[in-house]
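Written below as structure tokens is the structure these notes are about.
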Amino acid sequence: MSRIAITDLTVAPREVDSIPRPIVALGATSVAKDWENARHQHRKAQLIYSVRGILNCEIEDGVWIVPPQCAIWIPGDLPHAARGEGETECYCLFVEPDAAPDLPKTCCTISVSPMLRELLLKVAGFPELYPLQGREDRLIAALLDELATAPIEDLHLPMPRELKLRRLAEMMLADPSDKTSKADWAMRIGMSERSMTRLFQHEIGMSFGRWRRQLHVILALQRLTKGDSVQTVALELGYENASGFITMFRKATGKSPARFLSERKGGKTDVPIEGIKLLDKFSS
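Start counting the sequence shown at 95; every next residue gets the next number (my numbering).
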């Protein structure tokens, strides 16, 4: 097994696939400015762990949001782009496909437990070609065990590929407070409500209503982490009051916004985190 190194994510990463270890670690300590890794891919799977700030990871059919104390898992050979805006702090793992059984097979956002976090930070201090068959291997084995059983967070916003549904998604991204009914949305894009409902479920695996809630949760997390109040976010997303927004958020995540964020605060909590423009390339 193997390792983890530290680098600035604002520059192109080295060719991690050529490093002769099942695990390579790349991490970025505090980055105070916007950064972006353009679309790329590598044979090894990747884990990006957010200590502070919110990250976005985009693939062809959707976007994943990574709030503090969560991580995104990206399977090997999957083209993707990553972006952070404002103040962020994160670490990366690059994992050989056969490094361990039961690792996620698809892109997902996972919750990082205190034990997994400490293992990540510990392994990040190993030399690149640390000795095999020793203490380092045992710690990495423990890390992979924790990673394989880490809870998955439902923070994925899938994007439909069918042109009419894509247009619908882009209009909702442009104005998330729009209260247009499902029937009227169907009329806008030239479909029957029944056809739109069926195709939406087939394309992205969730209902129109659930997709709209997911959109609101993702936008809300970005704004709440920036420091906006629940009341402000609720009104910006088209809710009449904070109570209705909190009910939606709890239905989507199982927790209130305050509890969700308090469980994921890491590092400095008094520094405002700049928001992220969600899917700007999709909605431009």
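Heads up, the beta-carbon is just placed ideally off N, CA and C, and yes, glycines get one too.
Since this is a predicted model, take the numbers as computed values, not measurements.
Which one or two residues does DSSP pair with residue i in a beta bridge?
{"i": "residue 205", "result": "164"}
{"i": "residue 335", "result": "According to DSSP, which records beta bridges pairwise, residue 335 is partnered with nothing at all."}
{"i": "residue 156", "result": "153 and 252"}
{"i": "residue 140", "result": "168 and 188"}
{"i": "residue 215", "result": "Note: residue 215 sits in no beta bridge, so no partner."}
{"i": "residue 210", "result": "Answer is none; residue 210 lacks a bridge partner."}
{"i": "residue 177", "result": "130 and 150"}
{"i": "residue 355", "result": "In the DSSP output, where bridge partners are listed per residue, residue 355 has none listed."}
{"i": "residue 327", "result": "In DSSP, residue 327 forms no bridge with anything."}
{"i": "residue 117", "result": "189"}
Flag this pair as yes or no: are the beta carbons of residue i and residue j separated by less than 7 Å?
{"i": "residue 331", "j": "residue 252", "result": "no"}
{"i": "residue 177", "j": "residue 130", "result": "yes"}
{"i": "residue 304", "j": "residue 342", "result": "no"}
{"i": "residue 263", "j": "residue 206", "result": "no"}
{"i": "residue 149", "j": "residue 160", "result": "yes"}
{"i": "residue 336", "j": "residue 328", "result": "yes"}
{"i": "residue 242", "j": "residue 196", "result": "yes"}
{"i": "residue 169", "j": "residue 193", "result": "no"}
{"i": "residue 201", "j": "residue 143", "result": "no"}
{"i": "residue 297", "j": "residue 259", "result": "yes"}
{"i": "residue 136", "j": "residue 151", "result": "no"}
{"i": "residue 422", "j": "residue 167", "result": "Given that the chain is displayed from residue 95 to residue 378, the structure contains no residue 422 and the question cannot be resolved."}
{"i": "residue 116", "j": "residue 230", "result": "no"}
Can you tell me the Cα-Cα spacing of residue i and residue j, whole angstroms?
{"i": "residue 158", "j": "residue 133", "result": "14 Å"}
{"i": "residue 355", "j": "residue 238", "result": "26 Å"}
{"i": "residue 283", "j": "residue 232", "result": "56 Å"}
{"i": "residue 247", "j": "residue 350", "result": "15 Å"}
{"i": "residue 220", "j": "residue 111", "result": "18 Å"}
{"i": "residue 324", "j": "residue 235", "result": "41 Å"}
{"i": "residue 225", "j": "residue 250", "result": "38 Å"}
{"i": "residue 153", "j": "residue 216", "result": "30 Å"}
{"i": "residue 320", "j": "residue 294", "result": "31 Å"}
{"i": "residue 333", "j": "residue 339", "result": "6 Å"}
{"i": "residue 186", "j": "residue 120", "result": "5 Å"}
{"i": "residue 182", "j": "residue 141", "result": "16 Å"}
{"i": "residue 279", "j": "residue 344", "result": "25 Å"}
{"i": "residue 273", "j": "residue 155", "result": "25 Å"}
{"i": "residue 370", "j": "residue 316", "result": "Because residue 370 carries a pLDDT of 28, less than 50, the predicted location of this residue cannot be relied on, and no value is offered for it."}
{"i": "residue 214", "j": "residue 348", "result": "27 Å"}
{"i": "residue 188", "j": "residue 326", "result": "39 Å"}
{"i": "residue 309", "j": "residue 109", "result": "35 Å"}
{"i": "residue 162", "j": "residue 211", "result": "11 Å"}
{"i": "residue 299", "j": "residue 254", "result": "10 Å"}
{"i": "residue 311", "j": "residue 228", "result": "44 Å"}
{"i": "residue 357", "j": "residue 240", "result": "18 Å"}
{"i": "residue 218", "j": "residue 118", "result": "9 Å"}
{"i": "residue 292", "j": "residue 322", "result": "36 Å"}
{"i": "residue 281", "j": "residue 288", "result": "11 Å"}
Take the Cβ of residue i as the centre, count every other Cβ of all protein chains shown within 10 Å, and call the residue buried at 16 or more, exposed below.
{"i": "residue 275", "result": "exposed"}
{"i": "residue 286", "result": "exposed"}
{"i": "residue 266", "result": "buried"}
{"i": "residue 114", "result": "exposed"}
{"i": "residue 39", "result": "Beyond the ends of the chain as shown, which are 95 and 378, falls residue 39; an answer cannot be given."}
{"i": "residue 146", "result": "buried"}
{"i": "residue 277", "result": "exposed"}
{"i": "residue 203", "result": "buried"}
{"i": "residue 318", "result": "buried"}
{"i": "residue 352", "result": "exposed"}
{"i": "residue 268", "result": "exposed"}
Could you tell me which uninterrupted beta strand (DSSP E) segments, each at least 3 residues in length, are contained entirely in the segment 230–294, listed from first to last along the chain?
-> 250–252
Whole runs of the alpha helix (DSSP H) within the segment 297–321, excluding any shorter than 4 residues = 302–320
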